[in-house]
Amino acid sequence: MSDLERPLVEPDAEAQEKSLVGKTDEEKHEEKSKPQSSAFWTKFSLACSMAGWVTLFYVPIVVPGVHQWFFVDTDAPHFLGSLDFESYWPNTVQLIVFTVYFSTGSTVNLAWQGLCGTVMAGINQVFMAHLFPHGGKCVKIAEYTGSGLRGHCEEFLDPNYGRWEWFVWFDVIFFIFLVLSSNAKENTMKFSMSWHVTYMMAFMSYDGYQASHAVNITSVIGCSLAILITLTPTFGVAGLTIKKQMCAKNLEGHPESIAEKMKEISEATVDFMLAKRPETAEERYQYKVDKAAIQMNVKELSGMAAAMTSDWSTSWWEGWVHLLTGCESGVKEFRQVRAHCGTFSEAFQDDIGGFDDIACVMKKVASAVDAASYNFVEAQDIDDIKKTRVELDPKIKVLNEASMNLLEYISSWKNMKAVIDNHDKPGEELGKQVGGRVSDVEDKFKDLFHGYKSWSEKNGVDGLSRGRKILRSNMSVFVFGILQLSMEVVDLSKKVVEKYKNNAQLRKDPDPAGLFKETATGMWDQFVATWMSDKTNPASLFVIKAFTDNDKRGFVLRNVISIGLCFILGNVLQGNVFKTPFNPLLAGTLAVLVSHFPGSAFYKNLMRLLGLAIGNALPIIMMAVTTLSGNFLRPYVHLLAFFTFELFFGLMYYTSPEWGYVGCIVAGFGCYSFTTDTWSDASFEAAYCKIGQVTAAIVIQIIVDSVDANITKKFPQTIVVENMKKLTDQNDGIVAVFDDLKIHMSEGTGKESMDKIKEKAKKLKDIVASQEAMVGECETKTTIVAGPSPAFQLDLYKGSLAAIEEMLGEIDVLCLLDEFTDNLTHEDRKISNVRAKWFTPEYVRFYGDVTSAMTKTFKTLNEILAKTDESLLRPDGRMCVLDEDTSPYTDSMRMAVVKRILADTIDHVLTIEHLFCESGCLEFKNPKKNR
C-alpha cells in the first residue's frame with residue numbers, strides 16, 4: 001500500500017467511537033472486530049466520485065439547453081476575455097482527471113505543480129507578445145508546392161518579426177532547456193513544456209497571435225474543482241463522512257498509533273525472551289506465533305512511520321483548505337497537531353540510529369531460533385537458567401514499562417492539548433510534567449545497566465556449554481535493545497519539550513509574528529522545492545547541475561534535442577499525417593513524457609500510444625450507441641456513456657499497478673473525444689493523423705535515446721553496475737564502512753570519526769534508494785531489441801541489492817551501539833570500562849576475515865553483473881571459507897551485539913554467494929569426473 005493510499009483506507013476514528021456509544025463491552029468488541037472496508041472499495045468510491053463530477057461538468061458540452069445558457073446567454077467568453085473559452089472547456093474536465101489523487105493534500109500539490117508550469121509558460125507567452133504583438137501573422141504566403149513542407153512567409157504583418165524570427169526560435173528551445181535544467185518537479189516540467197509548445201506554436205502560426213486567457217482560466221477551474229471533489233462528503237458504513245481524504249485527519253492519531261506499535265513490539269519481545277522453554281506442542285505452536293507476530297509488527301512499524309511522514313508532509317498542502325474553510329480555532333488546532341506530529345515523524349523516519357534500528361534489534365533476538373528455543377542446552381542447565389533470571393526479569397520489565405508509559409504520554413495529543421490550553425507557557429509546564437517521568441526512566445536505566453553487569457559477572461557462563469553461551473549472548477543483545485529504547489524515548493521527550501518551548505504555533509495564543517514567519521518559511525520552502533527539488537545541494541540550483549553533472553547533462557540534452565526536433569517538424573511539415581503545419585502534438589507528446597532511460601521510455605511511449613488509440617477509438621464506438629436513442633434521450637445516453645468510460649478507466653488508474661498509466665491517459669485524453677456525437681470522414685481522418693503523429697514522436701525519441709545511449713554507454717543496466725561498484729568500493733563502500741567501524745570500536749576514535757562513518761553510510765543508503773528505483777528500468781519488458789550480450793542478471797541484482805540493504809541495516813545497529821556508549825554517564829563509562837577497552841582485541845582477526853569475505857563476494861558479484869559474453873567464470877578463489885571465531889568468550893553486552901551483527905552480516909554475504917552460484921555464470925565440474 002502506498003503512503004498516499006493509507007489515509008484513505010483507515011477508518012474514521014471519530015465516527016467509529018460515536019458508533020460504540022451506549023453499547024456493552026461485548027458489543028463494542030464485536031463492532032471493533034468487524035473487518036474494515038477494503039482498499040478496493042475505497043478506490044472504487046474515489047473513481048465513482050471522480051467520474052460523477054467530471055460528468056457533471058461535461059453537461060454544458062452535451063446538453064443543448066445548458067450549453068446555450070452557459071456559453072451564450074451568460075456571455076462567459078466575452079466576460080472572461082477569451083473567445084475560445086468554449087473550445088478549451090474540455091481542458092477543465094481533463095485537468096480534474098489528471099489532478100484528483102488519493103488525498104486532498106496530494107491533489108492540492110499536483111494542482112500547484114500544474115498551475116506553476118502553466119503560469120510559467122503563460123509568462124513567456126506574454127513576454128513574447130510584448131515584443132511581437134501580432135506574432136507570426138503573415139500577409140503574403142508562398143504557394144504550397146506539395147513537397148511536404150509548408151509555404152514560407154514572404155511578408156509578415158510585423159516587420160520586426162521577420163527580422164527577429166531567429167529569436168523566437170531561440171526562445172522556444174531556451175525555455176525548454178531552462179525547464180529541464182531547473183530540477184523542478186516532473187509534473188511541473190510537463191505542464192510547463194506542453195503549454196509552452198502549444199502557446200508558441202500558435203504564436204508562430206501564420207494566422208497570428210490572439211491573446212487568450214482560456215488555458216489559464218480552465219486550468220484554475222479544473223484544479224479548483226479537483227480539490228473540491230476530494231472535500232465532498234461521502235457516505236459509508238459510518239454514515240456521512242466529511243473531508244475523508246484529508247491527510248490532516250490522521251495527524252492526531254499517528255503519534256499515538258506508532259507509540260502503541262512500539263510498545264506492542266517491546267512488550268512482546270520482553271515476554272518472548274523471558275518466557276520459559278516451550279515444551280508441549282501447544283507451547284511450541286504459541287512460540288512460533290509470538291515470534292512471527294514480533295517480526296510482523298517490526299515490518300508494520302516501518303510502514304506506519306512512512307505513512308506518518310507522508311501524511312505530515314502532504315498535510316502542509318491542506319493547510320490552505322483549513323485557512324479558506326475553517327474557523328480560527330480550527331486553523332490553530334491544525335497547525336498545533338501538525339507541529340506535534342512533525343516531531344514524531346522526524347524521530348521515527350529511517351535514519352542511522354533510532355527507533356527503527358531498535359525494532360530491528362528486537363527482531364534479531366526473536367529470530368535467534370536456537371537461543372530462544374533453548375536448543376543445545378543441557379537439561380540440567382535449564383533449572384539453573386530459571387533461577388538466575390528471577391533477579392533480572394523485574395528490572396527489564398519495570399524499565400520497559402516506564403519508558404513505554406513515557407512514550408505514550410508524550411505521543412497523546414489529548415495530553416499535549418491540555419497543557420497548551422491550560423498554561424501560558426506550555427513548554428515550561430510540559431518540562432515539569434515530563435521531567436519526573438524522564439528521571440524515573442533514567443533511574444531504572446541505571447538500575448538495569450548496573451544490575452545486568454553485576455548479574456552477568458555473578459552468573460558467568462565462561463567454561464559452560466555452548467548452549468548457555470548462545471543464550472547469554474542473545475540475552476545481552478536483548479538487554480541492549482531495551483536499554484537503548486529507553487534512551488531514545490528520553491531523547492524524544494526532551495525534543496518534544498524543546499519543540500513546545502520554541503514553536504510559535506504551540507501556544508494558547510500563538511504569536512502572530514512567529515506564525516507569519518513560519519508560514520512564510522513554509523511557502524518559500526515549497527516554492528523552492530517545486531523548482532529546485534534537490535535544494536540541499538547548492539550545485540543543483542537551477543541550471544548549474546546541467547553543466548556539472550554528467551547524468552543531468554545527458555537528461556537535459558537528450559530531451560531538448562527530441563522535443564526541439566519534434567517542434568521543428570510539427571512547425572514546418574504539411575502533408576500525409578502531418579496535415580496542417582504549426583501542429584504542437586509531436587512536441588507536446590514528448591513534453592509530457594520526458595525520457596529518463598531508453599528502454600523504459602520506449603515502453604511508456606507504447607503505453608501512451610495505446611492509451612491515445614483507445615482514448616480516440618473507443619469513444620467513437622460508444623457514441624455510435626447514442627444515435628439509436630433518439631434526439632430527446634441522446635444527451636443523457638451520451639452522459640451515461642461518458643460516466644461509464646471515466647469510471648472504468650479511472651478505476652484502472654487507481655487500482656492497476658501495470659495498467660494504471662494507460663488508464664490515466666485514456667480517461668484524460670478521452671475527454672476531448674466525447675465532445676461530439678457526430679462523425680464524418682474528416683473526423684476519422686483527424687483521429688488517424690493524431691495517432692500517426694504520436695507514433696512519429698515516439699520514433700524520434702527512440703532514435704535520439706538510442707544514439708545518446710550508444711555514445712555515452714548509459715544504459716540502465718550499465719548504470720546499476722556502476723552504482724553497485726560504488727556500493728562495494730574499497731575506499732567508500734560497505735566494506736570500507738565496516739572497516740572504519742572496526743577501527744572506531746577497537747581503538748576508540750572520537751566523534752569526528754563516527755560522523756564521517758555516518759556520512760558514508762548515508763551516501764550508500766542514497767545509492768541503494770536510487771538502485772531500487774532502477775529495478776523497473778532493467779526489466780526484460782523494457783528491452784527493445786536484444787543484442788548479442790547475455791541477458792542482464794536481474795534476479796541476482798535484486799537479491800544482492802536486498803542483501804546489501806540488510807548490511808546497511810547492520811551498520812545502523814553498530815552506529816546505534818556507538819550512540820549507546822556516548823549516552824552513558826561518566827560514572828557508567830567507568831563501570832563499563834574506558835571506551836576503547838570494551839572491544840575484545842582477539843576479535844579483530846575474525847572481524848577482518850568477515851570483511852575479506854565481503855570483498856571477495858562483491859568482486860565476483862561485480863564481475864558477473866558486468867559480463868558481456870557467455871563465458872563461465874572459474875569458482876576457484878571466489879567462495880567464502882571462514883574459520884571459526886577463536887576469540888575468548890566475554891560477558892560484555894556491547895561485544896555480544898558486535899558478534900551478532902557480524903554473524904548476520906556473514907549470512908547476507910552467503911546469500912549473495914548463493915545467488916551468483918545459482919546464476920549459471922560459474923563453472924562447476926562434475927564431481928564424478930574428478931575421481
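Residue numbers (UniProt numbering): 1 to 931.
In this text, a Cβ means the ideal position worked out from N, Cα and C, and glycines have one as well.
Values in this document were obtained by computation on a predicted structure and should not be read as measured data.
With distances taken Cα to Cα, identify the nearest neighbour of D462 among I265, P888, L609 and F527.
Measuring from the Cα of D462, the nearest candidate turns out to be P888.
Simplified DSSP assignment, three categories, for I352
coil
Close Cβ partners of L639 (< 6 Å) along its chain, the five nearest in sequence each way excluded
T55 and V62
Going by C-alpha to C-alpha distance, which of K837, G146, Q574 and L651 sits closest to M745?
K837
Reference N632, options L46, G65, A142 and A51, closest by Cα:
A small fix is needed here, since residue 632 is Phe in this sequence, not Asn. Minimum Cα distance to F632 is reached at G65.
The alpha helix (DSSP H) spanning C880 covers which residue range?
Unbroken run through C880: none, as it is neither H nor E.
Would R608 and L593 be called neighbours here (beta carbons separated by less than 8 Å)?
yes
Assigned secondary structure, F924 (DSSP; H/G/I helix, E/B strand, else coil)
coil
Just the Cα atoms here: how many angstroms apart are E260 and L430?
E260 and L430: Cα-Cα distance of roughly 21 Å.
In angstroms with no decimal places, state the Cα-to-Cα distance between F924 and D766.
36 Å
Excluding the 5 residues preceding and the 5 following E154 in the sequence, name in chain order all residues of the same chain whose CB lies nearer than 6 Å to its CB.
Closer than 6 Å at Cβ, skipping near neighbours: K140 and A142.
Can you tell me whether L915 is buried or exposed, with buried defined as 16 or more other CB within 10 angstroms of its CB?
buried
Minimum C-alpha distance to I757 - residue among T712, E777 and N731
N731
Do I470 and V270 count as a contact pair if the criterion is CB distance below 8 Å?
no
Short of 6 Å in beta carbon distance, which residues of its chain neighbour F792, apart from the five on each side in sequence? Order them along the chain.
Q717 and C778
For a quick check, are the C-beta atoms of M893 and F348 less than 8 Å apart?
no
Quick check on the DSSP output: the beta strand (DSSP E) that includes K140 runs from which residue to which?
C138 to I141
DSSP-derived helix/strand/coil call for I912
helix
8 Å contact criterion, which A591 and G570 should meet: CB distance rounded
The Cβ separation is near 11 Å, so there is no contact.
Looking at T712: is its Cβ nearer than 8 Å to the Cβ of G554?
Yes.
What are the residues that DSSP puts in a beta bridge with G481?
Answer is none; G481 lacks a bridge partner.
Evaluate Q286 with the Cβ neighbour count: other Cβ atoms within 10 Å of its Cβ, from every protein chain shown; 16 or more gives buried, anything less gives exposed.
exposed
Hey, how far is the Cα of S456 from the Cα of F820?
If you take the alpha carbons of S456 and F820, they lie about 19 Å apart.
Contact under 8 Å by Cβ, V844 with C880:
no
Per the DSSP calculation, E318 is bridged to which residue(s)?
Paired residues: none, contrary to the question.
Please classify E488 as buried or exposed, where buried requires at least 16 other C-beta atoms within 10 Å of its C-beta.
buried
Pair within 8 Å by beta-carbon distance, F127 and Y161:
no
Residue span of the beta strand (DSSP E) that contains C153, given as start and end
C153 to F156
Cutting at 6 Å between CB atoms, please list the residues of its own chain near V419, excluding the five before and the five after it.
P426, E429 and L430
Assess contact between the segment 308 to 316 and the segment 286 to 297, defined as three or more Cβ pairs (one per stretch) separated by less than 8 Å. Is contact present?
no
According to DSSP, which residues form a beta bridge with L80?
For L80, which the question treats as bridged, DSSP gives no partner whatsoever.
Enumerate in chain order the residues of its own chain whose CB-to-CB distance from E918 is below 6 Å, with the five nearest sequence positions on each side excluded.
none
Considering only the beta carbon of each residue, do L565 and V694 sit closer than 8 Å?
no
Residue 993, DSSP secondary structure in three states:
In the structure as shown, the chain begins at 1 and stops at 931. Residue 993 is therefore absent and cannot be evaluated.
Reducing DSSP to helix, strand and coil, say where G575 ends up.
strand
Apart from the five residues on each side of it in sequence, which residues of its chain come closer than 8 Å, Cβ to Cβ, to L808?
Counting only Cβ-Cβ distances below 8 Å, and skipping sequence neighbours, we find I734, A761, L764, K765 and V768.
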